[in-house]
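**Student:** Sharing a structure below in structure tokens format, with a few things to ask.
Residue numbers (my numbering): 707 to 786.
See below:
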């Protein structure tokens with residue numbers, strides 16, 4: 707029973723290899739209220755997503771698309 711009620715493991719960020727955080731869309735439209743995973747790091751001073759830095763990268767996965775058994779990161783490592 708515990709497997710049924712345990713949250714699935716968070717995907718790992720493609721650039722940093724760290725667990726992503728889950729967020730909820732608030733923007734009006736067809737995706738309003740939909741959950742997604744994104745890089746947990748803060749935005750950099752430029753206010754943009756930045757690759758290969760200490761700031762947030764562009765990792766983005768809809769929660770409904772996340773299956774830990776089917777995802778690998780950019781290095782080909784299992785992230786689930």
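A virtual CB, placed ideally from N, CA and C, is assigned to each residue, including glycine.
Who are the Cβ neighbours of residue 730 in its own chain at under 7 angstroms, not counting the five residues just before and after it?
**Tutor:** 739 and 741
**Student:** Roughly how far, in whole angstroms, is the beta-carbon of residue 720 from the beta-carbon of residue 746, given that I think they are within contact range, below 8 angstroms?
**Tutor:** Between residue 746 and residue 720 the Cβ distance is about 12 angstroms, and since that is not below 8 angstroms, they are no contact.
**Student:** Look at the Cβ atom of residue 769, then the Cβ atom of residue 722, and state whether they are nearer than 8 angstroms.
**Tutor:** Contact flag unset, no.
**Student:** In this structure, how does DSSP classify residue 709 when only helix, strand and coil are distinguished?
**Tutor:** Looking at residue 709 - three-state DSSP - the assignment turns out to be helix.
**Student:** As an exercise, report each continuous beta strand (DSSP E) stretch of at least 3 residues that is fully enclosed by the stretch 745-775, in chain order.
**Tutor:** Runs found: 766-768.
**Student:** Who pairs with residue 731 in a beta bridge, going by DSSP?
**Tutor:** Bridge partners of residue 731: none, in fact.
**Student:** Under a three-way DSSP split, which group does residue 718 fall into?
**Tutor:** strand
**Student:** I'd like to check one pair, residue 772 with residue 714: are the Cβ atoms closer than 8 angstroms?
**Tutor:** yes
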